[in-house]
Amino acid sequence: MTNLNSLVVGSIMAASFALSMNVNASEQTGVSCSVSVDYLKNGALAESYQKAFTVTPGAGFSDDFSTPTRKKLFTASTLLDAGKTVVGINYFNDVGVFDAEEFSTKLTLHKAGVLESTSGSHTFSTSSFPPAGGVAVNVSHEINYSLTCKQLKK
Numbered sequence: 495m496t497n498l499n500s501l502v503v504g505s506i507m508a509a510s511f512a513l514s515m516n517v518n519a520s521e522q523t524g525v526s527c528s529v530s531v532d533y534l535k536n537g538a539l540a541e542s543y544q545k546a547f548t549v550t551p552g553a554g555f556s557d558d559f560s561t562p563t564r565k566k567l568f569t570a571s572t573l574l575d576a577g578k579t580v581v582g583i584n585y586f587n588d589v590g591v592f593d594a595e596e597f598s599t600k601l602t603l604h605k606a607g608v609l610e611s612t613s614g615s616h617t618f619s620t621s622s623f624p625p626a627g628g629v630a631v632n633v634s635h636e637i638n639y640s641l642t643c644k645q646l647k648k
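If you read the sequence shown in my numbering, its first letter stands for residue 495, the second for the next number, and so on.
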């Protein structure tokens, strides 16, 4: 994935949060979070990502953990919606020549100083069409994630 595509994905995510914002960012406090993402290929753990981070009002968090051949990016931001702090994350991982994993999620924090979490899973399968007489190769991909955050007290 090119840097331009990453910029487009990041811009779309930022725009979606900005559209639902209904109060000033200066009213927010910082948020301390940890994320864990496991990528399984055919049921075996192929890659794991863990990160502890802090998101502050008006300043998102970004971790570019790309390799020389694969684009890998994690971003996070916060906004206030109806008086509640909402943490939004996006994870992109170019896991192979033809396959990439990406997800976004939001977590609404209801009370400062209290740990709150969300988790989820995404799956997809790919198949290759072999040359004449060859055997088809089927691959299952699964991504499991958890996000835990605590709004820092003012």
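Beta carbons: idealized from backbone N, C-alpha and C, even for Gly.
Remember, it's a predicted structure, so these values are computed and weren't measured experimentally.
Helix, strand or coil for residue i per DSSP?
{"i": "Phe623", "result": "coil"}
{"i": "Val589", "result": "coil"}
{"i": "Ala519", "result": "Note that Ala519 has pLDDT 47, beneath the 50 cutoff, so the model's placement of it is unreliable and the number below is only indicative. Ala519: helix per DSSP, three-state reduction."}
{"i": "Gly582", "result": "strand"}
{"i": "Val631", "result": "strand"}
{"i": "Leu609", "result": "coil"}
I'd like the span of the beta strand (DSSP E) that includes residue i, first residue to last.
{"i": "Ser560", "result": "From DSSP, Ser560 is part of no beta strand (DSSP E); its letter is neither H nor E."}
{"i": "Leu534", "result": "525 to 535"}
{"i": "Thr550", "result": "Per DSSP, Thr550 belongs to no beta strand (DSSP E) and is neither H nor E."}
{"i": "Lys566", "result": "566 to 575"}
{"i": "Lys648", "result": "Looking at the DSSP string, Lys648 is not in any beta strand (DSSP E), and its letter there is neither H nor E."}
Just the C-alpha distance for residue i and residue j, rounded to the nearest angstrom, thanks.
{"i": "Glu596", "j": "Asn584", "result": "7 angstroms"}
{"i": "Phe586", "j": "His616", "result": "13 angstroms"}
{"i": "Ser622", "j": "Ala594", "result": "16 angstroms"}
{"i": "Val580", "j": "Thr620", "result": "34 angstroms"}
{"i": "Gly582", "j": "Ala630", "result": "39 angstroms"}
{"i": "Gly552", "j": "Leu573", "result": "8 angstroms"}
{"i": "Thr563", "j": "Ser528", "result": "26 angstroms"}
{"i": "Thr599", "j": "Leu641", "result": "9 angstroms"}
{"i": "Ser611", "j": "Leu603", "result": "9 angstroms"}
{"i": "Phe439", "j": "Pro625", "result": "With the chain running from 495 to 648 in the structure shown, residue 439 is simply not present."}
Using the beta-carbon count (16 or more within 10 Å), is residue i buried or exposed?
{"i": "Val591", "result": "exposed"}
{"i": "Ala546", "result": "exposed"}
{"i": "Leu601", "result": "buried"}
{"i": "Lys653", "result": "Examination of residue 653 is not possible in this model, given that the chain is present from 495 through 648 alone."}
{"i": "Gln645", "result": "buried"}
{"i": "Ser571", "result": "buried"}
{"i": "His635", "result": "buried"}
{"i": "Val531", "result": "buried"}
{"i": "Val608", "result": "exposed"}
Does any heavy atom of the ligand NAP sit closer than 7 angstroms to the C-beta of residue i?
{"i": "Arg564", "result": "No copy of the ligand NAP occurs in the structure displayed, which carries no ligand at all."}
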